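**Q**
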Amino acid sequence: MQHVSFTVPKGCTYGIVGRNGSGKSTMLKLVAGITKPTTGTVKVHGRISALIELGAGFHPEISGRENVFINGIMLGLSKSEIAKRFDEIVEFAELEDFIDAPVKTYSSGMYIRLGFAVAVHVDPDILLIDEVLAVGDEGFTHKCLDKFAEYRRRGRTILLVTHSLGLVQRFCDEAVWLDAGSVRATGDPKRVIDTYVIDVARTEEVSLASDDARAQERVAEAQAGASPVTPAAGTADGASSEPPEAGQGAAEAGEIRNGFAADAGRWGSREVEITDVTLTGASGEVAHVFQTGEPIQIHLKVQARKSVDDFVFGVSIFNTEGVCCYGTNTDIEELEADEFHGDGEVTFAVDSLDLVEGTYKLDVAAHTREGFPYDYHRLLYTFRVKSRHKDVGIYRPRHRWQFSPAIHFKPPKTRTGGGTSS
């Protein structure tokens, strides 16, 4: 880490975000005193309680009860202070029936519950937390979040490392984005997170574009010297394959169980040829990463070297499980072909891409009404959908919740928050 400097005010809940290997956990270890800086200084004002590594400080051969006392003493409590808080710690960890069993018999979830319970009940001025909530079950996670809120109301300082951007935006007063050991942004959590998300999206754009280019190069190399009508890549013994029309459902498309395990390929007579495929977003720029609800346009550059009067253009979207999320073509939508000759462009525009977060691949095709392939591109184009919402499935319909007067929800928790600087 180089030239990293930031200050965490007393009573602040401060989030640290960044990719794996960016220096987040190292920063917490420096603040906790576990690691010493080779250059520079770290100043801490107040008693620290750190939950950085799963089960750190636990002795596996002795009981949970004994480990509570050992950890409490390590965190600065006296034996009598621990005894006063012992029942509360065990109840919070939900380990009443296991507290006298050796810690080596605990599951990872039991480890984290006990470690977290000790850390938050020593009543520290500063609580350091490194991605531990990812290990707990949903019920315990909610209990931890309630404890965070209590700490903030009492003016305690929390330094939180997490990949959960929603958690940072919801709970943190300030945030810092670390990247390769350097500070890229600090300040308002939403601004920091948005800047970070944009950078991640740009990196994904480059990666997805490169992957698509390599896939298309492999198909082109495989087709070099092949006959005009080429079977789908991966067809056993080179026998002719009847490709599905773009727009057919997954069952009609050969029951593909894993769209990403299926062989990408290209085949057809090329009487009508798809010469280029690009995706654009709201800005009109070429893109591979979209937000749920944003518009998307799929542009096909097409060419007919001689006049044709029987042609259909189709598009299908597949998810990672090979499920056809959506497919259609001009024939299904009752557009009757008349004539095409020369160069042209087909645009398939979606005003709102209401898919859940995930990675998707496209089939695009030009064929006759009877399905004879002019040019079929199988799984050669990839795009990713990002979303702050973590709902599941495929489709994200526009929706709202309504409740009768007898049903009440708590209002959003208000933010409150020793201090640290480095």
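Under the numbering used here, the residue at position 218 of the sequence shown is numbered 227, and the numbers go up by one with no gaps.
Virtual Cβ for every residue (Gly too), placed ideally from N, Cα, C.
Every value quoted in this text rests on a predicted model; they were computed, and no experiment measured them.
Please list the segments of the beta strand (DSSP E) lying wholly inside the stretch 389-424, counting only runs of 3 or more residues, in order along the chain.
**A** Residue ranges of uninterrupted beta strand (DSSP E) with 3 or more members are absent from the stretch 389-424; none lies entirely inside it.
**Q** Whole angstroms is fine: what's the gap from D208's alpha carbon to V26's?
**A** 13 Å
**Q** So, V170 versus P198, is the Cβ gap smaller than 8 Å?
**A** no
**Q** Pick helix, strand or coil for K88, following the three-state DSSP scheme.
**A** When secondary structure is reduced to three states using DSSP, K88 falls in the helix class.
**Q** Pull up the distance between the alpha-carbon of Q411 and that of R405, whole angstroms please.
**A** 18 Å
**Q** DSSP three-state label for V373, please.
**A** strand
**Q** What distance in whole Å lies between the Cβ atoms of A313 and V286, which are believed to be in contact at a cut-off of 8 Å?
**A** Actually they are not in contact, since the Cβ atoms of V286 and A313 sit about 17 Å apart, beyond 8 Å.
**Q** For A59, collect the residues of the same chain with a Cβ closer than 6 Å to its Cβ; drop the 5 residues on either side in sequence, then sort them by chain order.
**A** A41, L137
**Q** Pick out the complete alpha helix (DSSP H) segments inside the stretch 107-174, 4 residues or longer, and give them in chain order.
**A** 117-130, 147-162
**Q** If I'm right that A346 touches F320 with Cβ under 8 Å, what's the distance once you round it to whole angstroms?
**A** With a Cβ gap of about 5 Å, A346 and F320 count as contacting.
**Q** CA-CA distance, S236 and G290?
**A** Note on S236: pLDDT 49, under 50, position unreliable in the model; the coordinate value appears next. For S236 and G290, the distance between alpha carbons rounds to 37 Å.
**Q** Buried or exposed, going by whether 16 or more other CB atoms sit within 10 Å of the CB of P18?
**A** exposed
**Q** Below 8 Å on the Cβ atoms is my contact criterion, and I expect P304 with D360 to pass it. Report the Cβ-Cβ distance as a whole number of Å.
**A** 5 Å
**Q** If we ignore side chains and look at the alpha-carbon of each, how far apart do H130 and I98 end up?
**A** 7 Å
**Q** Leaving out five residues on either side along the sequence, give the residues of the same chain with a beta carbon under 8 Å from the beta carbon of R393.
**A** E213, L217, H297, V298, F299, G367, T368, Y369
**Q** For K199, which of helix, strand or coil comes out of DSSP?
**A** In this structure, K199 counts as helix in the three-state DSSP scheme.
**Q** To the nearest angstrom, how far is it from the Cα of R122 to the Cα of G49?
**A** 35 Å
**Q** Could you check if A184 is buried or exposed, using at least 16 other CB atoms within 10 Å of its CB as the buried criterion?
**A** buried
**Q** Alpha carbon to alpha carbon, what distance is there between I403 and S413?
**A** 29 Å
**Q** Taking contact to mean 3 or more Cβ pairs, one atom from each stretch, closer than 8 Å, check whether the stretch 69-80 and the stretch 95-115 are in contact.
**A** yes
**Q** Is T356 helix, strand or coil when you go by DSSP?
**A** strand
**Q** Would you give the residue range spanned by the alpha helix (DSSP H) that E343 belongs to?
**A** Segment: none, E343 is in no alpha helix (DSSP H) and carries neither H nor E.
**Q** Which residue marks the beginning of the beta strand (DSSP E) containing S34, and which one marks its end?
**A** No beta strand (DSSP E) holds S34; the alpha helix (DSSP H) holding it covers 33-41.
**Q** For S31, which residues in the same chain have their Cβ closer than 8 Å to its Cβ, ignoring the five residues on either side in sequence?
**A** L187, D188, A189, G190
**Q** In or out: A128 buried (at least 16 other Cβ within 10 Å) or exposed?
**A** buried
**Q** Along the beta strand (DSSP E) that carries I57, what are the first and last residues, could you check?
**A** 57-60
**Q** Can you tell me which of D384, L309, K152, T195 puts its alpha carbon nearest to the alpha carbon of F101?
**A** K152
**Q** What number of angstroms, rounded off, separates the C-alpha of R388 from the C-alpha of D372?
**A** It is worth fixing the name first, because residue 388 is Leu in this sequence and not Arg. Distance between the alpha carbons of L388 and D372: 5 Å.
**Q** Helix, strand or coil for G351 per DSSP?
**A** strand
**Q** For T284, which of T339, V332, D352 has the nearest alpha-carbon?
**A** D352
**Q** E282 lies in the beta strand (DSSP E); which residues open and close that run?
**A** Per DSSP, the unbroken beta strand (DSSP E) holding E282 starts and ends at 281-289.
**Q** Output yes or no for whether 8 Å exceeds the beta carbon distance between H386 and R275.
**A** yes
**Q** For E183, which residues does DSSP report across the bridge?
**A** Y23
**Q** Could you check where the beta strand (DSSP E) with I307 kicks off and where it finishes?
**A** 305-317
**Q** List the whole-angstrom C-beta distance separating V53 from I167, where the pair is believed to meet the contact cut-off of C-beta under 8 Å.
**A** Cβ-Cβ separation between V53 and I167: approximately 14 Å, too far for a contact (criterion under 8 Å).
**Q** F180 and T301: beta carbons closer than 8 Å?
**A** The answer is no: Cβ separation not under 8 Å.
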